[in-house]
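In full-length UniProt numbering, the protein residues as written are 1 to 125. Note that the Cβ used here is the ideal one computed from N, Cα and C, for glycine as well. Since we're looking at a predicted model, the values are computed, not measured.
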């Protein structure tokens, strides 16, 4: 038995039943307040985790879209049957033009690549 619990036992021996009951009620109230604070903190953390998970999912979709875009561009540059000389350079595109090729849109309607990828991410594509 710990020192604190033995002191508590000695104190309860000197208390009346009514006083013991009041002491227990105070301890229950204190525990209730502590648990309420813990529940609130847990709820706040759960909401933050949910927001972080949504952001991570959106970032993953964004990165997958870029990966696919880069793979398609690499395939276009290294297509079979093409001989490349060291002086050959792949065509350099504006980001919106590259996205237009990837998504099948014309470059005038493509806007910024980030905007399109972000909108795809939001739509869950």
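Boundaries (first-last residue) of the alpha helix (DSSP H) holding residue i
| i | result |
| --- | --- |
| residue 21 | 17 to 77 |
Through-space distance from residue j to residue i, alpha-carbon basis
| i | j | result |
| --- | --- | --- |
| residue 62 | residue 51 | 16 angstroms |
| residue 47 | residue 64 | 26 angstroms |
| residue 40 | residue 57 | 26 angstroms |
| residue 45 | residue 78 | 48 angstroms |
| residue 26 | residue 33 | 11 angstroms |
| residue 35 | residue 17 | 27 angstroms |
| residue 30 | residue 15 | 20 angstroms |
| residue 74 | residue 43 | 46 angstroms |
| residue 37 | residue 28 | 14 angstroms |
| residue 66 | residue 55 | 16 angstroms |
| residue 76 | residue 49 | 40 angstroms |
Sequence-distant residues of the same chain with beta carbon closer than 7 angstroms to residue i, five excluded per side
| i | result |
| --- | --- |
| residue 24 | none |
| residue 53 | none |
| residue 60 | none |
Nonlocal neighbours in the same chain, by C-beta distance under 6 angstroms from residue i, ignoring five residues either side
| i | result |
| --- | --- |
| residue 80 | none |
Cβ shell of residue i (< 8 angstroms), same chain only, five flanking positions each side left out
| i | result |
| --- | --- |
| residue 22 | none |
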